[in-house]
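Here the structure comes first, spelled out in structure tokens, and everything after it is commentary.
Residue numbers (our numbering): 5 to 141.
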């Protein structure tokens, strides 16, 4: 009985070590979402920030990480922190941040329309500003 308990504990410790290693591959990109217009967001605005693999032409970007932020009346700049798995990053590829802001009903208010490079090719992972533009009514 004692040998079985010791064996079970050893297996459990091995599993914890394995899962612990997997979580150590997590990394983050942080910064702010902002816009240039001098208008306020509605109190129920929601900001979605995504890390995308934009390496391949003519296909939709692959989302590698996302954060959804309920603003609850907070105004720009809105801070974000997107977590991603470093093991999914290939130094040969290109990665970009994107953001959109919708109101409480889901109506699109602002969206990023420029490439905001991150991670590879000496691009940053901290203090990354994503500028969004208003969507025409």
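C-beta atoms are modelled at their ideal positions from N, C-alpha and C, and glycine is treated no differently.
So, at 7 Å on beta carbons, what are the nonlocal neighbours of residue i in its own chain, with the 5 sequence-adjacent residues on each side left out?
i           : result
residue 115 : 104, 136, 137 and 139
residue 79  : 44 and 45
residue 37  : 51, 53, 80, 81, 82, 84, 103, 134 and 136
Between which two residues does the beta strand (DSSP E) holding residue i run?
i           : result
residue 114 : 112 to 116
residue 123 : First-last for residue 123: undefined, no H or E at that position.
residue 35  : 30 to 38
residue 138 : 132 to 138
residue 48  : Note, residue 48: premise wrong, no beta strand (DSSP E); not H, not E.
If you draw a straight line from the C-alpha of residue i to the C-alpha of residue j, how long is it?
i           : j           : result
residue 1   : residue 98  : Residue 1 lies beyond the residue range present for the chain, which begins at 5 and ends at 141; the question has no answer from this structure.
residue 92  : residue 68  : 8 Å
residue 60  : residue 49  : 32 Å
residue 117 : residue 64  : 15 Å
residue 102 : residue 89  : 17 Å
residue 129 : residue 39  : 20 Å
residue 53  : residue 107 : 15 Å
residue 51  : residue 96  : 30 Å
residue 119 : residue 28  : 28 Å
Taking CB distances under 8 Å as the criterion, tell me whether residue i reaches chain B.
i           : result
residue 111 : Among the protein chains of the structure shown there is no chain B, as only one such chain exists.
Excluding the 5 residues preceding and the 5 following residue i in the sequence, name in chain order all residues of the same chain whose CB lies nearer than 8 Å to its CB.
i           : result
residue 23  : Any answer about residue 23 is weak, because its pLDDT of 48 lies below 50 and its placement is not dependable; what the coordinates show is given next. Cβ within range, chain order: n/a, list empty.
residue 122 : 33, 55, 99, 100, 101, 128, 129 and 132
Check your understanding: In chain order, which continuous runs of the alpha helix (DSSP H) of length 4 or greater are located wholly inside the region 52 to 82?
Key -> none
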